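Residue numbers (the working numbering): 18 to 604.
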């Protein structure tokens, strides 16, 4: 890179450190400030922070790999989650804010009773906060290793510093990024995370758009890109450019497509809201900001964000046709097409994307370890500042474990499939715990255990099974197990159920006996939520396809899709946005 590129990268790293120093005193007051920024986030900050977190360094590489291997339809690996995230938006965002807890795992003891609830809370704090969290950090770090290996030639840097005999150049670059991310996360807590997320998202989107425009322009424009794809890939081009799988040509396997749109979106934990998304809901000013923030995230995440990466993925098929690791097409496009200055901006944007995810994962993971393991089981009545110190130590420990996990990984897509396979049976119980009074702590325990058993069994005894069948079998067996366990075990203590219902006020017919004795009116309108969710599906998918059609030069169909999206947007405003306005927030 040229000196100006290094200057841009250095300025960004200094900015991130400056944010940490600026917010360190406010974040150190108590754990509500450290993990939830005092529950005062407006919707636009909340939603942008979520999408920045999901915009990691791995994402453009994974998208490029999916496009290279399965065509545009391979993105249903990601797009299916729109249904889950919209469900979390319309049905659960307001309920989470109403709960007033600090973490999503804390809901366990608000909803369930007895020893099983305590065991479940402790188990989930370790399993989700450490194990699954570090798997995510692992693939994010792995992606950054791939990028730095192509872009920066860090082996030369370590050689000049005289430390090449101590550390590999790629891992030296990762270590620098991690140290900066950890420093401002440790110092500033959630305040530093959300403030840097805003800048990181803008910087990352600017870099992605610049690369897409320049790369497509160098090919000769969209028309020339489609022509060269046809010349090089012949009949496979139809599958490459199709938004849904086709029977012939390159595309996502049909069984995987069916599993993703029919099973995966509701069977994974995202449907009921979880992890760092819930952390943002809990940090919102009130229920309405929680709802609007997640809706804003869905729009940015699905409609606007993916197309620059998809274009670069298509360009890489033309520019680097013999590339064995399709994921490397993205960093190779950066090196090939960007001039000095823009190259520095792009590298800074990738570092920003990397850090925006790592800081959230570190802060959220520490919140589970402190709030749901250390505080309730090890030291219950310590001063607030003591828990902040423990949280900061937890951030450092999680960083080390995440780095070790990354060292053992080979493929980003493989890590994604591992993660989805280990969580695909959880979504049903995460949804029904809000809607059905009969769900208890044993239900969740059964869902987690059965998911792990089925995943391990399929992995060892049917290693060649198509990923789609893997999802279907795991979700089906796990759902059957947790429903059966629910019916065979005692329900949650009625006093606990009554307190939960009075606090949350879920609008569900399956709370019948509890609702009848609670003497409170359910909040919101169930039908308005259903209409809003259905309109949201039309809005997001029509908007996604409309923008894609326009980007690829199919103007008539693009305008038609966007017209449908506009109509669906009106329905959302009319029926969905106003449904929860004016309700008081708890916490």
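Idealized CB from N, CA, C, for every residue including glycine. Note that the structure is a prediction, hence the values are computed from the model and not measured.
Scanning its chain for C-beta atoms nearer than 7 Å, with the 5 sequence neighbours on each side dropped, one finds around residue 472 the residues 438, 439, 491, in chain order. Beta-bridge partners assigned by DSSP to residue 301: 58. If you draw a straight line from the Cα of residue 103 to the Cα of residue 290, it comes to about 10 Å. Rounded to whole angstroms, the gap between the alpha carbons of residue 25 and residue 362 is 6 Å. The Cβ-Cβ distance between residue 378 and residue 157 falls below 9 Å. Boundaries cannot be given for residue 317, as no alpha helix (DSSP H) includes it and DSSP labels it neither H nor E.
When the beta-carbon positions are compared, residue 202 and residue 376 come within less than 9 Å of each other. In this structure, the alpha-carbon of residue 170 lies about 21 Å from that of residue 428.
DSSP, reduced to helix, strand and coil, places residue 561 within a helical segment of the structure shown.
Comparing alpha-carbon positions, the option among 116, 69, 57, 56 lying closest to residue 519 turns out to be 116. Restricting attention to alpha helix (DSSP H) runs no shorter than 4 residues, the region 182–270 encloses them at 186–236, 239–250, 254–258, ordered along the chain.
Between the C-alpha atoms of residue 380 and residue 207 there is a straight-line separation of about 7 Å.
Here the alpha carbons of residue 382 and residue 54 stand approximately 16 Å from one another. Looking at 332, 478, 446, the one whose alpha-carbon comes closest to that of residue 349 is 332. Residue state for residue 292 is assigned as helix, using DSSP reduced to three classes.
In the structure shown, residue 551 falls within a helical segment according to DSSP collapsed to helix, strand and coil. The region 210–228 and the region 53–69 touch, with three or more beta-carbon pairs separated by less than 8 Å. If you ignore the 5 residues before and after residue 140, its C-beta comes within less than 8 Å of the C-beta of 462, 465, all in its own chain and listed in chain order. Excluding residues up to 5 positions away in sequence, 81, 82, 85, 86 lie with their Cβ nearer than 7 Å to the Cβ of residue 343 in the same chain. The C-beta distance from residue 56 to residue 298 rounds to 10 Å, too long to meet the 8 Å contact threshold. Within the same chain, 255, 256 come within 7 Å of residue 263 by CB-CB distance, once the 5 residues on both sides are set aside.
Inclusion of residue 76 and residue 160 in the CB contact set at 9 Å is warranted, their separation being smaller than that value. Under the three-pair Cβ rule at 8 Å, the region 387–396 counts as touching the region 118–134. Residue range 458–478 is occupied by the alpha helix (DSSP H) that includes residue 464. Within the same chain, Cβ atoms closer than 8 Å to the Cβ of residue 469 are found at 439, the five residues on either side in sequence being excluded. In this structure residue 563 touches residue 582 by the C-beta definition: roughly 6 Å separates them, less than 8 Å. Residue nearest to residue 209 within the set 393, 513, 426, 373 is 373 (criterion: CA-CA distance).
Counting only residues of its own chain and dropping the five nearest sequence neighbours on each side, residue 194 has a CB closer than 7 Å to the CB of 161, 368, 371, 372. In this structure, the beta-carbon distance from residue 486 to residue 276 falls below 9 Å. Taking the Cα positions, residue 224 is about 19 Å away from residue 31. When the five nearest sequence neighbours on each side are left out, the beta carbons in the same chain lying within less than 6 Å of the beta carbon of residue 366 are those of 220, 221, 224, in order along the chain.
In summary, residue 509 is buried, with 16 or more beta-carbon neighbours lying within 10 Å of its beta-carbon over all protein chains present.
If you check the CB distance, residue 285 and residue 482 do not come in under 9 Å. Per DSSP, the continuous alpha helix (DSSP H) segment holding residue 176 begins and ends at 171–178. Here residue 196 is exposed. Its C-beta has fewer than 16 other C-beta atoms within 10 Å.
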